[in-house]
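Let me begin by presenting the structure, written as structure tokens, before commenting on it.
Residue numbers (mature numbering (1 follows the signal peptide of the UniProt record, and there is no 0)): -21 to -1, 1 to 151.
Okay, here's the thing in structure tokens:
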């Protein structure tokens, strides 16, 4: 009877809806003329047509707002002061919310291009940075086999501790 209770508890635990949920991810950048970025879920599907709001870093009033397109990307024209950092918040269905901070990458690119004596324009550098950020974000958010194996290791470890505790209890 005790085995059936434990099996039922495990079945209820692992059939929980929260285990099947997916996370919302966001990255954004500001190039001095527009704030742009991409929103996507943990299965790498785009967060299409979701609400996006842009704030100054420590303020509560909205600077600009809009929606993502079908690919989960957004581009909002925005003229701001130099050195301003913006907070981008996205809210999707079912309570998903993500926040990212965007600094002026054009100013940073100008500094590095002046040092390297590069003739590229800041907008090209901003586009290249967006592609690099997208690749990095996908690599960070992807679920790897080692992550799955680590999760199974945790489960086996906890079951081993539970078995050890049960054997000590029966020995007394």
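Note that CB positions come from ideal geometry on N, CA and C, so glycine has one too.
Check	Outcome
With which residues is residue 31 paired in a DSSP beta bridge?	45 and 69
Is it right to say residue 47 is buried, meaning 16 or more other beta carbons lie within 10 angstroms of its own, or is it exposed?	buried
Between the C-alpha atoms of residue 12 and residue 55, what's the straight-line distance to the nearest angstrom?	9 angstroms
I'd like the list of long-range same chain contacts for residue 90, defined as Cβ closer than 8 angstroms, with 5 residues on each side in sequence excluded.	Residue confidence for residue 90 is low, a pLDDT of 49 falling below 50, so the modelled location carries little weight and cannot support an answer.
Report the rounded CA-to-CA distance for residue 18 versus residue 126, giving the unit in angstroms.	23 angstroms
Nearest CA to the CA of residue 76: which residue from 1, -12, 15 and -14?	1
Compute the Euclidean distance between the alpha carbons of residue 135 and residue -13, then round it to the nearest angstrom.	17 angstroms
Does the beta-carbon distance from residue 81 to residue 9 come in below 7 angstroms?	yes
Should the region 34 to 54 be regarded as contacting the region 138 to 150, the criterion being three or more beta carbon pairs within less than 8 angstroms?	no
Can you look up residue 8 in the DSSP assignment and give me helix, strand or coil?	strand
Which residue wins for smallest C-alpha separation from residue 64, given the options 129, 33, 52 and -11?	33
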